[in-house]
Every structure is written in structure tokens, then in C-alpha cells.
């Protein structure tokens, strides 16, 4: 699965909420998931299909119900892709913090004079 496909699936707040629900509460039928949204059941089903196509959820049928569960493995690919950027921003923020500390020290020195 490409990172673009995963990012596109995660772009929707509704899809991120579906993933959060499946992560926190475990596998659930589509109907139970749909009850918690202020949108039609077919709309929720479409969001679940996008997540399924991205490999982020798995679907099983139990009688007439479709049950969904989180498949978190594709998120590891994103983590691996994002890690260098996290390091980059952490280093930048650390440098900014040091600069602000130096500026504060300089201002205190000027006030002491």
C-alpha cells in the first residue's frame, strides 16, 4: 500500500474516528459504528470501504452483519516514513528552546545592569 493511499484514507476526520473506535473498543458491526455518527449508514459504509481498501480495517461477515476490526500494520509504514521528520522537528524545537533561553539570559543580564 502506498503512503499516498494511506494518507488519503486518513484525511477524513470521520475515518480517523472510526479507526479510533476500533482501536479502543475492538471489532464491531457496521451498524453499531454507524449509530455513533451524524451521517447516513451508507455514508459510514463508504468510509469503512475506503479504510478497507487502504488495508486499515478488515471485514468479516457474521450472518447479515459486516464486522470491522482495525488492521494497524499499514500505520507502521507511515510511522517509518514520518520518523525522520519527527527527528527533524524535535531538533529544530530544541534549537529554538536554546535560543529562547539565551535571549532570556541576555535580557536578565541587561536588567541587572
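In the working numbering, the protein residues as written are 203 to 315.
The C-beta atom is built at its ideal place from N, Cα and C for all residues, glycine as well.
- Under the rule that a run must span 4 or more residues, the alpha helix (DSSP H) segments found entirely inside the stretch 221-271 read 232-237, 243-255.
- Secondary structure at residue 274: coil, using DSSP grouped into helix, strand and coil.
- For residue 208, same chain residues with a beta-carbon under 6 angstroms away, outside a window of 5 residues either side, are 256, 276, 280 in chain order.
- Secondary structure at residue 314: helix, using DSSP grouped into helix, strand and coil.
- Counting only the Cα atoms, residue 266 lies some 42 angstroms from residue 285.
- Its Cα nearest to that of residue 205, the residue 278 stands out among 236, 278, 247.
- For residue 213, no alpha helix (DSSP H) segment is defined, and its DSSP state is neither H nor E.
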